[in-house]
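In what follows, a single structure is set out as structure tokens and then discussed.
Residue numbers (our numbering): 34 to 188.
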């Protein structure tokens with residue numbers, strides 16, 4: 034299960050007639066912190082969460098809650114592999130949807146760096162530049178992904 038913290042800070046703050054600057058001053062944080070919490074890009078530490086709840090006179094559970102969503106299980110996907118070298122089983126890849134077609138780009142790990150990957154090559158197809166992939170987050174990859182492909186004139 035994937036857990037995500039949801040908050041109602043903006044609604045409760047506005048219902049109390051407080052601006053972000055005033056609330057930030059009262060709990061001794063920056064206005065940007067309040068904006069980030071309300072946008073869901075920052076989860077406050079326990080002290081800040083408790084101060085917000087006390088200042089807004091609500092239980093902390095009214096401000097913040099956990100939403101659980103079922104994590105999608107890996108699925109298979111046949112995709113074109115954009116690489117000069119043939120794909121190998123176990124190789125991590127990023128995927129991108131171009132119209133109805135799926136393409137994948139191998140990512141390489143280096144010492145102290147594990148790149149983000151959308152899936153791994155399960156089995157490479159013979160001689161056609163395609164591979165059977167095990168994909169972890171197909172919907173996420175399809176939303177906002179850009180793939181730039183070209184050739185290196187030096188090779």
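The C-beta atom is built at its ideal place from N, Cα and C for all residues, glycine as well.
*Across which residues does DSSP place residue 129 in a beta bridge pair?*
136
*Can you tell me whether residue 118 is buried or exposed, with buried defined as 16 or more other CB within 10 angstroms of its CB?*
exposed
*Using 10 angstroms around the beta-carbon of residue 132, count the other beta-carbons present and answer buried if the total reaches 16, otherwise exposed.*
exposed
*What is the DSSP secondary structure of residue 121, counted as helix, strand or coil?*
coil
*Quick one: give me the first and last residue of the beta strand (DSSP E) that residue 166 is part of.*
163-168
*Which word fits residue 120, buried or exposed, when buried means at least 16 other C-beta atoms lie within 10 angstroms of its C-beta?*
buried
*Through-space distance from residue 154 to residue 124, alpha-carbon basis*: 5 Å
_To the nearest angstrom, how far is the alpha carbon of residue 203 from that of residue 59?_
This structure cannot speak to residue 203, because the chain is shown only from 34 to 188.
*Report all residues from its chain with a CB closer than 6 Å to the CB of residue 46; omit the five preceding and five following residues, and keep chain order.*
56
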